[in-house]
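If you read the sequence shown in the working numbering, its first letter stands for residue 2, the second for the next number, and so on.
In this text, a Cβ means the ideal position worked out from N, Cα and C, and glycines have one as well.
Keep in mind it's a predicted model, so treat the numbers as computed, not measured.
Following: one structure in structure tokens, then a few remarks.
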Amino acid sequence: MSWLLFFRVFIIHCGLIDTLLGRREQQQQLVWLGVGGCRLSFSDTADAARDWGRIKRLSPAGVLYPESVDDIVSLVRTAGLSTSNLTVAAKGRGHSINGQAQAPEGIVIEMSTMRGIKVMPEGDADCPGPFVDAAGGELWIDVLKATLKEGLTPRSWTDYLYLSVGGTLSNAGISGQTFRYGPQINNVLQLEVVTGKGELVICSPSKQPELFFAVLGGLGQFGIITNARIVLESAPQQVRWIRAMYTDFQSFTRDQEMLISQPSTTETFDYVEGFVIINNDNPFNGWKSVPFAPEQLNRSMIPEDTGSVMYYIELTKGFDSIDIHAMEQNVEKMLAPLNYIQSLRFTTDVSYFQFLNRIHDVELSLSSQGLWDVPHPWLNLFIPRSSILEFNTKVFKQLINQDFSGPILVYPVNRDKWDNRASAVIPEESMFYLVAFLRNALPSSGPSLKNQMDDNSKILSMCHDISCKQYFPTYNNPAQWEQHFGSQWQNIVELKQTFDPHAILAPGQNIFQRNQILASPS
2 MSWLLFFRVF
12 IIHCGLIDTL
22 LGRREQQQQL
32 VWLGVGGCRL
42 SFSDTADAAR
52 DWGRIKRLSP
62 AGVLYPESVD
72 DIVSLVRTAG
82 LSTSNLTVAA
92 KGRGHSINGQ
102 AQAPEGIVIE
112 MSTMRGIKVM
122 PEGDADCPGP
132 FVDAAGGELW
142 IDVLKATLKE
152 GLTPRSWTDY
162 LYLSVGGTLS
172 NAGISGQTFR
182 YGPQINNVLQ
192 LEVVTGKGEL
202 VICSPSKQPE
212 LFFAVLGGLG
222 QFGIITNARI
232 VLESAPQQVR
242 WIRAMYTDFQ
252 SFTRDQEMLI
262 SQPSTTETFD
272 YVEGFVIINN
282 DNPFNGWKSV
292 PFAPEQLNRS
302 MIPEDTGSVM
312 YYIELTKGFD
322 SIDIHAMEQN
332 VEKMLAPLNY
342 IQSLRFTTDV
352 SYFQFLNRIH
362 DVELSLSSQG
372 LWDVPHPWLN
382 LFIPRSSILE
392 FNTKVFKQLI
402 NQDFSGPILV
412 YPVNRDKWDN
422 RASAVIPEES
432 MFYLVAFLRN
442 ALPSSGPSLK
452 NQMDDNSKIL
462 SMCHDISCKQ
472 YFPTYNNPAQ
482 WEQHFGSQWQ
492 NIVELKQTFD
502 PHAILAPGQN
512 IFQRNQILAS
522 PS
């Protein structure tokens with residue numbers, strides 16, 4: 002089918018019969034179709050051609066700005082019924098690293114126009130506890146603001162909140178709360194999804210569960226999340242925020258593992274993350290980045306036998322202002338078994354909102370210096386617990402050098418906090434580590450983008466021997482994806498055949514090709 006004929010069919014679906022009758026040259030101009038709720042642009046494609054990674058730039062043929070879920074249904078249905086090669090990608094905040102939210106010569110759906118948040122403090126007949134319904138294009142920062150007005154909060158977060166609800170739920174959504182509540186995909190009660198067939202489906206663990214769990218962590222392959230129902234809990238007013246430094250990796254990991262293995266009670270921390278830092282005074286990734294006030298730490302306080310890298314654990318405990326004395330006693334009790342350097346512990350109290358929104362201050366600072374919108378060759382891995390000491394020796398201590406730009410996260414999570422019915426891929430061991438190299442290719446200093454990507458390749462080569470898995474995976478052919486999914490692969494193929502048989506959705510993931518022949522579900 003020609004482009005002109007496709008768009009005429011699509012416009013009919015949107016209630017626009019008399020628009021876009023010009024030639025293809027006219028389609029290259031800015032064309033807005035707004036009469037029936039559909040807004041489609043053929044030239045306003047620059048933002049949709051790039052993402053956070055700034056590594057791949059793949060231009061779509063057009064961008065849809067939906068005003069309702071019906072617009073998304075119409076686009077996907079028309080693409081499947083009336084074209085042979087058109088693909089569709091839903092783009093939230095575009096925080097992917099390697100073009101996963103792009104649709105080369107296809108249509109990108111700009112989900113930021115899909116807004117709406119409804120907080121239900123008392124729940125309803127179907128969901129007795131508090132929850133929030135949030136449109137797929139809403140940002141988590143706005144979900145937080147809306148729920149805090151009712152004294153409530155989602156339980157599981159990502160470190161950065163300016164991400165879309167649909168985007169993080171299509172991956173997993175992890176942070177320092179994952180050890181207690183699982184990833185964000187474990188805290189969803191219900192989804193509204195547009196499948197690759199153009200069907201609008203309400204699904205949950207008890208209603209259309211196959212689609213529900215396929216979409217959660219499904220990398221956008223089976224449906225577009227247009228609304229999500231998220232479980233809520235009471236929000237604390239304030240947070241005791243602690244950073245404790247280590248020079249010994251085994252003590253660092255042993256303490257983290259002990260912290261996340263305790264039953265969730267008032268005597269456990271709410272958030273646990275670990276970081277690797279370089280043994281220098283760099284304010285971004287050296288030991289100066291650890292204290293909450295720079296004057297709290299100087300070189301004379303660093304042990305003389307410290308190696309090339311150091312480590313610190315970041316912890317929080319929520320409290321209300323009237324409970325501060327009890328909180329302090331409780332925190333000291335919880336810290337007592339840990340083996341950090343006693344003189345290198347730093348503490349501050351902030352509001353709950355300030356803590357969760359902590360990365361935004363970093364964003365504002367780097368943006369003011371022109372250092373935010375730069376290439377980000379990030380690498381996120383899940384490392385089995387049995388291999389983390391080897392990983393420290395071969396990677397942290399050898400590949401990380403003085404000009405390494407960007408933070409390095411390393412913290413454990415429990416496998417039993419993940420629902421194995423979801424599509425997200427994790428290691429088989431009962432405990433594994435999130436290791437995230439959040440590097441920035443700075444314009445005037447440090448390793449080049451090519452050198453950083455070469456480093457990533459070296460790390461991934463080593464990972465083949467230790468059964469690690471990529472988080473935000475990047476592969477270029479089906480054989481690599483089959484290896485990534487492992488025993489789940491056949492199920493992934495069957496789910497694709499069921500919910501997106503023409504492989505219309507999320508082409509930027511490079512998992513399936515449009516109209517490739519897939520094995521039929523058994």
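- In whole angstroms, what is the alpha-carbon distance linking H361 and S85? 43 Å
- Query: Is C464 helix, strand or coil by DSSP?
  - Reply: helix
- Message: Could you check whether the Cβ of K208 sits closer than 7 Å to any heavy atom belonging to the ligand ZN?
- Response: What this structure holds is no ligand at all, so the ligand ZN is not there to describe.
- Item | Proximity to H377 [Cα-Cα], best of G152, K451 and L390 | K451
- Message: So, at 6 Å on beta carbons, what are the nonlocal neighbours of K119 in its own chain, with the 5 sequence-adjacent residues on each side left out?
- Response: D134
- Message: Rounded to the nearest angstrom, what separates M121 and Y182 at their Cα positions?
- Response: 20 Å
- Around the C-beta of A504, are 16 or more other C-beta atoms found within 10 angstroms, so that it is buried, or is it exposed? buried
- Distance, F383 Cα to Q481 Cα: 17 Å
- Message: Is the separation between the beta-carbon of I314 and that of F253 shorter than 8 Å?
- Response: yes
- Under three-state DSSP, which class holds D48? helix
- Which same chain residues, not among the five before or five after T46, have their C-beta less than 6 Å away from its C-beta? S60, P61 and V64
- Of the residues L435, F433 and D455, which one's Cα is nearest the Cα of A442? D455
- Just mark L153 as buried or exposed, buried being the case when its beta carbon has 16 or more other beta carbons within 10 Å. buried
- Item | Backbone CA spacing between G137 and T88 [nearest angstrom] | 20 Å
- Query: According to DSSP, which residues form a beta bridge with D143?
  - Reply: Answer by DSSP bridge pairing: none, since D143 is not bridged.
- Item | Status (buried if at least 16 other CB within 10 Å, exposed otherwise) for K334 | exposed
- Could you name each continuous alpha helix (DSSP H) segment of 4 residues or more that falls completely within the region 70–123, going from the start of the chain to the end? 70–83
- Task: State the Cα-Cα distance for the pair R58 and A50, rounded to the nearest angstrom.
- Result: 5 Å
- Taking the Cβ atom as the reference point for each residue, do S171 and R94 lie within a distance shorter than 8 Å? no
- Enumerate in chain order the residues of its own chain whose CB-to-CB distance from G275 is below 6 Å, with the five nearest sequence positions on each side excluded. Q257, I314, V411 and Y412
- Item | Three-state secondary structure assigned by DSSP to Q399 | coil
- Per DSSP, which one or two residues make a beta bridge with I278? M311
- Message: If you measure between the beta carbons of G221 and Q510, is that distance less than 8 Å?
- Response: yes
- By Cβ distance, which residues of its chain are closer than 7 Å to R116, with the 5 residues on each side in sequence left out? A136, G138 and E139
- Item | The beta strand (DSSP E) enclosing F132, as first and last residue numbers | F132 to A136
- Would you mind stating whether D160 and Q239 have Cβ atoms separated by less than 8 Å? no
- Please classify E26: does DSSP put it in a helix, a strand, or coil? With a pLDDT of 38 at E26, under the threshold of 50, the modelled position of this residue cannot be trusted, and the question is left open.
- What is the C-beta distance between F347 and P292, in whole angstroms, given that I count them as a contact (C-beta under 8 Å)? 4 Å
- With burial defined as no fewer than 16 other Cβ atoms inside 10 Å of the residue's Cβ, what is the status of G177: buried or exposed? buried
- Around the Cβ of Q453, are there at least 16 other Cβ atoms within 10 angstroms (buried) or fewer (exposed)? buried
- Task: Pick helix, strand or coil for V195, following the three-state DSSP scheme.
- Result: strand
- Report yes if the CB atom of V189 is closer than 8 Å to the CB atom of T196, and no otherwise. no
- Message: Which of the three DSSP states is assigned to N381 in this structure?
- Response: strand
- In chain order, what residues of the same chain lie with their CB nearer than 7 Å to the CB of P67, ignoring the 5 residues before and after it? I73, I110, T114 and M115
- Identify whether N415 lies in helix, strand or coil by the three-state DSSP scheme. strand
- Item | Short Cβ contact (8 Å threshold) for Q191 with S157 | no
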